[in-house]
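Under mature numbering (1 follows the signal peptide of the UniProt record, and there is no 0), residues -37 to -1, 1 to 317 are what the sequence shown spells out, in order.
We treat Cβ as the ideally placed atom computed from N, Cα and C, and that holds for glycine.
In what follows, a structure is listed as structure tokens, so that the remarks can point back to it.
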Amino acid sequence: MLSFASNSNEQYMKIRSLVFQPILLLCAFMIAFPASANDSTAVLGAGGLEITTSDDIVMEEEKLFLSPEEIRVRYVFRNDTDKDVTTRVAFPLPIVSFGPADNFELPDSQDENFVGFTVTVDGQRLAPALEQRAVLDNGTDVTAAVRAIGLPLNAYLPSWEEKIKAVPREALRRLVEQGVLEQLSDTVETADDVSPSWNLHATFHWEQTFPAQKAVVVEHQYQPVVGSSFFVGDDGELDRLSEEYGTSYCLDDTTKAGVRRLLQSAAKANSNGDYKSYVFAYEVSYILKTGANWKGPIGHFELTIDKIRPDAILSLCIDGVRKTGTTTFKVERDNFTPTRDIGFVVFDQRELVE
């Protein structure tokens, strides 16, 4: 059991600082609860570009860089015909839920572009359009209902609290009846009694012309929505950790031995009961298999993963991984057709500095 005394809020802020400052990650730690994999934030997967018309567009190359801090992708597309092709290119952001049970944070929750997405085409920066929709779990689009009442579709924006408080009580109740809002209390009297029921589907998109028989280089980058959990080296944590991450990220004996060393080091540092050493598990997900709408396989695919710190432990379910630096690993494929998405976990011990 991990618990703190009267200075728990100060300890909480220091733990958050421990995560944010070195690698700009996202945490929402419930400090008064047990330090287990349940004290975690969720990982949200995003991916690459989607092309709506693709019979004529070949992807000659994709270079993908993944880390808990940043995702960068460089594509080389080629129009394989003798005519220019203009099509819509889209980048779907991670789907975001707003319910009381949803436990994650966004890289920049106060911005519509909450992952800091940027894109260039042949070196020129673009300003893509942003489409947003509010969609219930059953697929019902409630965008019009949300906008009609004057609420932002992104409930994490700074304007949300002020605007939801301005909605009349009867309107709140009507939205609850429609399933747009979730009722949190026995009765709906104020904005504190409700929570958004929808998921935010947001997509950046633009029209792109691919000249005949010419290559077009598209590059984009953004911050991932990283899932995170923390451990302090208590008995049984390796078993819980293995159960939580073992199947999804193919934790083998070597990886477990490395994580065990991190947990033992944290336990030793925390032996006096003053919890200042933590083993964090950072999950990163990249949606690779969807959006493969171009013609044929990817000519050359190159994946680089950076675990950020040399002593961190990386685990993932991909064959042919080779180490290329103190923190980097690479996978290469030719004539590659993605059949699964990419996910990995990084285990890293960090000390809380006074």
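- Shown here for Gln171: same chain residues with a beta carbon closer than 6 Å to its own, the five before and five after excluded, namely Val52 in chain order.
- By the neighbour-count criterion, in which a residue is buried when 16 or more other Cβ atoms sit within 10 angstroms of its Cβ, Lys252 is exposed.
- It is roughly 10 Å from the alpha-carbon of Gly288 to the alpha-carbon of Ile268.
- Assignment of Gln146 by DSSP, reduced to helix, strand and coil, places it in the strand class.
- Judged by DSSP in its simplified three-state form, Val109 adopts helix.
- Annotation for Ala229: Phe194, Val195, Gly196, Ser240, Tyr241, Val242 and Gln312 place their beta carbon closer than 8 Å to its own, counting only its chain and skipping 5 residues before and after.
- If you draw a straight line from the Cα of Val82 to the Cα of Cys280, it comes to about 29 Å.
- Residue pairing by DSSP places Glu265 opposite Lys26 and Glu295 in a beta bridge.
- Going by C-alpha positions, Pro115 is about 14 Å away from Phe77.
- Using a C-beta cut-off of 8 Å, the stretch 163 to 182 makes contact with the stretch 42 to 49, since at least three inter-stretch Cβ pairs fall below that distance.
- DSSP, reduced to helix, strand and coil, places Val309 within a strand of the structure shown.
- Around the CB of Ala90, fewer than 16 other CB atoms lie within 10 Å, so the residue is classed as exposed.
- Boundaries of the alpha helix (DSSP H) around Ile127: Ser122 to Lys128.
- Inter-residue distance for Thr217 and Gly209 is about 12 Å (C-alpha atoms, whole angstroms).
- Of Leu214, Gly113, Leu277 and Asp274, the smallest CA-CA separation from Lys126 is found for Gly113.
- When DSSP assignments are scanned along the stretch 26 to 78, the uninterrupted stretches of beta strand (DSSP E) that are 3 or more residues long and fall wholly within it turn out to be 34 to 42 and 48 to 55.
- An exposed status is given to Ser122, since fewer than 16 other beta-carbon atoms sit within 10 Å of its beta-carbon.
- Distance from the CA of Glu145 to the CA of Ser191, rounded to the nearest whole angstrom, comes to 26 Å.
- Each residue's CA atom was taken as its position, placing Ala154 and Gly142 some 15 Å apart.
- Residues Pro260 of the same chain have their beta carbon placed closer than 6 Å to that of Thr300, with the five preceding and five following residues left out of the count.
- Separation of Ile305 and Tyr245 (C-alpha to C-alpha, rounded to the nearest whole angstrom) is 14 Å.
- Between Ile271 and Ser30 a beta carbon distance of about 6 Å is seen, short of the 8 Å cut, so the two are scored as contacting.
- With contacts defined as CB atoms closer than 8 Å, Phe292 and Leu315 fail to qualify as a contacting pair.
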